[in-house]
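Asker:
In the working numbering, the protein residues as written are 6 to 77.
1) Please state whether the Cβ-Cβ distance between residue 15 and residue 61 is less than 8 Å.
2) Roughly how many whole angstroms lie between the Cα atoms of residue 12 and residue 73?
3) Going by other Cβ atoms of all chains shown within 10 Å of its Cβ, with 16 needed for buried, is residue 35 buried or exposed?
4) How long is the line joining the alpha carbons of residue 52 and residue 10, rounded to whole angstroms?
5) When DSSP builds the beta bridges, which residues end up paired with residue 46?
6) For residue 26, report the span of its alpha helix (DSSP H) as first-last.
Shown next as structure tokens:
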């Protein structure tokens, strides 16, 4: 399953790269892309565990930048 989410308050391209790297390490994530310019997160993950994976994604984003929000 592939979905796109808006992101709010993503401050820099370096943070976006760190978030993308952390998200790709989450079990069940097939691919991820965090675009600083578009303020978007595109994620491809296993459909059966998608909600559980997204909770981990939100935690990973907050760990890199506590002000950034993933709009679910």
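Ideal Cβ positions, reconstructed from N, Cα and C, are used throughout, including at glycine.
Answerer: Let me spell this out:
1) In this structure, residue 61 does not lie closer than 8 Å to residue 15 by Cβ.
2) 7 Å
3) exposed
4) 16 Å
5) 10 and 39
6) 18-29
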